[in-house]
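Residue numbers (our numbering): 535 to 1206. Okay, so here's the structure we're looking at.
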């Protein structure tokens, strides 16, 4: 078996290089940690000045534990045994009779950062690719190799808890300022910086007194109780127990063994299983998309409204040369100003200036013939889009891909006026573009396969997740979401308070209630999409929604929708538990439509339904997506609930025939 570690010695300093074979990023599997343990047993006996640990991969230091191994761990006892074994290896590293230095470049995540924390010192490359994080909470667990103990001891409790609870990455310079990193240096000076630490060993890092003070034994219980209260105002611990466990472990000064046991218990919960599965799916989609280069350098966006402006700005931020066209100069100016604000927020100095230079206003469309990709982002009107797309086709060379950002109109309807309809593809971004991680890559009946492959790769280059969707009314996300939103409006029409409707959805696990979501999107937009989908999906549009729009109550943007805006901070007083029937009506409409999308072949398998609706609508990730939720209930139970709802509330709840198809929810195996 090929070793993942290479050990060498020079000038009384050992050099240990991690380069896991056949992996793009280093991962700390059982085998990798086992090899490290054997090497540390040798190093313990050597009379050395110090040890340097580095990565042999240009991509980065280490991406953490091997997530694929999680699937094979079926019980908490086995999980605790493996976690404890990993802790013992890192304890051996921390206990070496001489200092050690981790040399970090690129991502240093999860178990990779815990490995670095077990070293005496850390040196990090100061470029923009370096990021240090403990993101385990996003997988429904917490650090298990000593991170919940070593990180607070190094940087203080509040910064450490903030990093673990948020799972966010720190760039090298911020990590240095925090005390997580001892030295920042350019890539070419990393080795010299590491050796300088070993030749002139400084005292080990400790947090400043004002950070460490909160960890005093007499204060810790009060700080912990305060943090739990703050946390529970943001996170429902019965849905996501890991954050509350992190605070609890710190509050009671838990041991390494307690950390391992807690992590192991979380690892085998349905919450973690679902979150890990969604993570694996997203990584596989990105891997597949990267297999073909997109070949896109220059992008032309037509339409500088909110969506077009944000698509153009985000593409420029990610390194593409973008021209933005709109016939209204004031709209174009507003879009460029908005983009410059994004660049100032996300980038610094020359990087922000370079992004500004990459985005060019182009009122007359002069850059159109030189574009590799044209994205249409005008109003959601079939005839207007057809006319524009025909004009675009006449001005661009054959190699140019033409994409539409339509949210609901089938591609085949839009391609009617094109001489080569196969060059049209759908790129459905979600609002806000800068935050929503999904792009629906939509193929029509004759869409070119190479163009679709290029769009998948392009989506990943934008740091977005591409999901393949067959062209149909509403595609996947809007098609499944609309029955859910309309059921919420129907409940309001029946006299249920909007706040009660939203509370029921949030209690189920949705990130925001459907009424608040409709107000945020805009009731006029919701009505337009509902009317587009009403005939093909047999959706009844509630009169209440039409009356609101006719009265000019469009939601947040008009100051009045179902709620009045701005909403006061005290808007959500303590309320009695929501009526479970409310959530049942909302969620079962969405789940039933999701199954219909699968049966009709709008997406290829249940995993794509789930990942699309988790990342596109925020459907409770801890439940694994709508079909993951249905799978947990069982198809018989889903059918029974829908039948009962249909008897009480009407045929819109009639179970889709998909529920009677054997193997409908069968999942294909993921790549190892």
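Note that beta-carbon positions come from the ideal geometry of N, C-alpha and C, so glycine has one too. Nothing here was measured: the structure is a model prediction, and the numbers come from that model.
Range of the contiguous beta strand (DSSP E) that encloses residue i
| i | result |
| --- | --- |
| residue 1004 | 999-1004 |
| residue 894 | 893-895 |
| residue 1193 | Unbroken run through residue 1193: none, as it is neither H nor E. |
| residue 763 | No beta strand (DSSP E) contains residue 763, which is instead part of the alpha helix (DSSP H) from 754-766. |
| residue 828 | Segment: none, residue 828 is in no beta strand (DSSP E) and carries neither H nor E. |
| residue 542 | 539-544 |
| residue 1169 | It is not in any beta strand (DSSP E) - residue 1169 instead sits in the alpha helix (DSSP H) that spans 1169-1183. |
| residue 959 | 958-963 |
| residue 976 | 972-977 |
| residue 1101 | First-last for residue 1101: undefined, no H or E at that position. |
| residue 832 | 832-836 |
| residue 857 | 855-859 |
Which listed residue (the options) has its alpha carbon closest to that of residue i
| i | options | result |
| --- | --- | --- |
| residue 593 | 659, 600 and 549 | 659 |
| residue 867 | 897, 619, 814 and 1163 | 897 |
| residue 955 | 968, 927 and 720 | 927 |
| residue 933 | 650, 904, 918 and 999 | 904 |
| residue 829 | 622, 987 and 1115 | 987 |
| residue 795 | 589, 612 and 971 | 612 |
| residue 678 | 633, 630 and 622 | 622 |
| residue 675 | 579, 940 and 779 | 779 |
| residue 1245 | 596, 586 and 554 | With the chain running from 535 to 1206 in the structure shown, residue 1245 is simply not present. |
| residue 997 | 591, 672, 963 and 627 | 963 |
| residue 1037 | 1196, 1117 and 709 | 1117 |
| residue 601 | 541, 808 and 755 | 808 |
| residue 1002 | 813, 981 and 1017 | 981 |
| residue 925 | 908, 913, 940 and 915 | 908 |
| residue 588 | 729, 844, 995 and 950 | 729 |
| residue 697 | 720, 920, 721 and 669 | 669 |
Residue range of the unbroken alpha helix (DSSP H) whose run includes residue i
| i | result |
| --- | --- |
| residue 921 | 916-929 |
| residue 1079 | 1077-1084 |
| residue 872 | 863-880 |
| residue 665 | First-last for residue 665: 665-667, but that is the beta strand (DSSP E), not the alpha helix (DSSP H). |
Reduced DSSP secondary structure (H/G/I, E/B, other) of residue i
| i | result |
| --- | --- |
| residue 1019 | helix |
| residue 593 | coil |
| residue 559 | coil |
| residue 632 | coil |
| residue 1139 | coil |
| residue 937 | strand |
| residue 551 | strand |
| residue 580 | coil |
| residue 606 | coil |
| residue 791 | helix |
| residue 1073 | coil |
| residue 774 | coil |
| residue 1207 | For residue 1207 there is no data in the structure shown, the boundaries of the chain being 535 and 1206. |
| residue 1207 | Because the chain in this structure spans residues 535 to 1206, residue 1207 falls outside the shown range and cannot be described. |
| residue 1118 | helix |
| residue 780 | helix |
| residue 908 | strand |
| residue 704 | strand |
| residue 1029 | coil |
| residue 586 | strand |
| residue 1060 | helix |
| residue 1089 | strand |
| residue 718 | strand |
Contact belief for residue i with residue j at Cβ below 8 Å, rounded distance in angstroms
| i | j | result |
| --- | --- | --- |
| residue 657 | residue 552 | With 8 Å as the limit, residue 657 and residue 552 do not qualify as a contact, their Cβ atoms being about 15 Å apart. |
| residue 748 | residue 692 | 6 Å |
| residue 573 | residue 539 | 6 Å |
| residue 842 | residue 858 | 7 Å |
| residue 777 | residue 893 | Going by Cβ atoms, the distance from residue 777 to residue 893 rounds to 38 Å, so no, they are not a contact pair. |
| residue 991 | residue 823 | 5 Å |
| residue 653 | residue 665 | Residue 653 to residue 665, Cβ: 18 Å. No contact. |
| residue 620 | residue 673 | 16 Å between Cβ atoms; not a contact. |
| residue 647 | residue 667 | 7 Å |
| residue 1190 | residue 1130 | 5 Å |
Within-8 Å CB hit, residue i to chain C
| i | result |
| --- | --- |
| residue 557 | Within the model displayed, chain C is absent; a lone protein chain is all it includes. |
Contact the stretch 840-851 vs the stretch 876-885: 3+ CB pairs below 8 Å
By the Cβ test, the stretch 840-851 is in contact with the stretch 876-885, since at least three Cβ pairs between them sit closer than 8 Å.
Is the stretch 709-716 close to the stretch 749-767, with three or more CB pairs under 8 Å?
no
Pairs of beta-carbons, one from the stretch 857-867 and one from the stretch 881-898, closer than 8 Å: are there three or more?
For the pair of segments examined, the stretch 857-867 was found to touch the stretch 881-898: the number of CB pairs separated by less than 8 Å reaches three.
Could you tell me whether the stretch 1023-1034 touches the stretch 967-986, using the rule of 3 or more Cβ pairs below 8 Å?
Segments in contact, no.
Specify whether the stretch 1168-1186 and the stretch 1140-1158 touch according to this definition: at least 3 beta carbon pairs, one from each stretch, less than 8 Å apart.
no
Tell me, please, whether the stretch 1086-1103 touches the stretch 1145-1156 by the rule of three or more beta-carbon pairs shorter than 8 Å.
Cβ pair count under 8 Å is below three, so no.
Using 8 Å as the Cβ pair cut-off and three pairs as the minimum, do the stretch 1116-1131 and the stretch 641-650 touch?
Result no; under three Cβ-Cβ pairs closer than 8 Å.
With three or more beta-carbon pairs closer than 8 Å as the criterion, would you say the stretch 1063-1081 touches the stretch 1001-1018?
yes
Please determine if the stretch 764-775 and the stretch 741-756 are in contact, where contact requires at least 3 C-beta pairs separated by less than 8 Å.
no
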